[in-house]
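Please read the structure below before turning to the comments.
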């Protein structure tokens, strides 16, 4: 009877199903919209040869995001918030998906600056983003960093 005990134990336990469930790999959630409300946007500009910027050099402002803007696809939302929605080829060359931003835009020139490419990279969540935009300016590469985060609800009169 002794050799039969381990076999009975194995058969009894196997009838109960697996003891440990195997974790299946899950795809990351797809972010389809941003949070509406008041956002704080901080922008810094770094140019070659310029002095290093400090926090007090940063430009900080707030913008209230209404539901229509918050419901935009991530690419349109980030382009509109950074002011890059004036650039062409954004749809084809800029990849904004799964919390990541990367690609190159062709932006119109102004004054004596011709049309030019701007490289954008960064990351985003439902209630924040941080992107870096590199653009050529008179033979040098200027780097603009914009970080934004939702800081609360909008005052009723200031929705954009």
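Residue numbers (this note's numbering): 179 to 338. Just so you know, even glycine gets a beta-carbon here, dropped at the ideal spot from N, CA and C.
In the DSSP assignment, residue 260 is bridged to no other residue. Of the candidates 318, 215, 253, 227, the residue whose Cα lies closest to the Cα of residue 300 is 253.
Residue pairing by DSSP leaves residue 292 without any beta bridge partner. Contact between residue 236 and residue 221 is confirmed by a C-beta separation of about 7 Å, below the 8 Å threshold. Taken atom to atom, the span from the alpha-carbon of residue 308 to that of residue 262 is near 14 Å.
Contact between the region 242-256 and the region 282-296 is absent, with fewer than three C-beta pairs closer than 8 Å. Here residue 316 is not bridged, per DSSP, to any residue. When the Cα atoms are used, residue 242 and residue 226 turn out to be separated by approximately 33 Å. For residue 251, there is no enclosing alpha helix (DSSP H), as DSSP gives it neither H nor E. Rounded to whole angstroms, residue 302 and residue 277 show a C-alpha spacing of 5 Å.
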